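Read the structure below first, then the notes.
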Amino acid sequence: MADDLNRRKPEDPKKININQPWEVSYWTSKFGISESKLHRAVQAVGPMVADVKAWIDQN
Numbered sequence: 005m006a007d008d009l010n011r012r013k014p015e016d017p018k019k020i021n022i023n024q025p026w027e028v029s030y031w032t033s034k035f036g037i038s039e040s041k042l043h044r045a046v047q048a049v050g051p052m053v054a055d056v057k058a059w060i061d062q063n
């Protein structure tokens, strides 16, 4: 099944998939951060949105 290129929100709103460029764009915009900071956050605490948000707030 092909990806839906018209998606505007993540398929799973509780997880961040950094392997999907449109999802990286969504989360960087939502959090107001750079792609590199999003990648560092996910690498540090995993893909769960709540954990990433907490990491961003502390860093």
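Here the sequence shown stands for residues 5 to 63, where the numbers follow our numbering.
Backbone N, C-alpha and C define an ideal beta-carbon position, used for all residues, glycine too.
Note that the structure is predicted; figures quoted are calculated from it, not measured.
Exercise. Under 8 Å Cβ to Cβ from A48, same chain only, skipping five residues before and after it: list those, please.
Key: These residues qualify, in order along the chain: W59.
Quiz prompt | Residues of its chain near S67, where Cβ-Cβ distance is below 8 Å and the 5 sequence neighbours each way are ignored | solution = No statement about residue 67 is possible, as the shown extent of the chain runs from 5 to 63 and does not include it.
Self-check item: Residue ranges of each alpha helix (DSSP H) within the region 29-61, 4 or longer
Solution: 39-49, all fully within the region 29-61.
Quiz item: Taking C-alpha atoms, which residue in V53, Q62 and D61 lies nearest to P17?
Solution: Of V53, Q62 and D61, the smallest CA-CA separation from P17 is found for V53.
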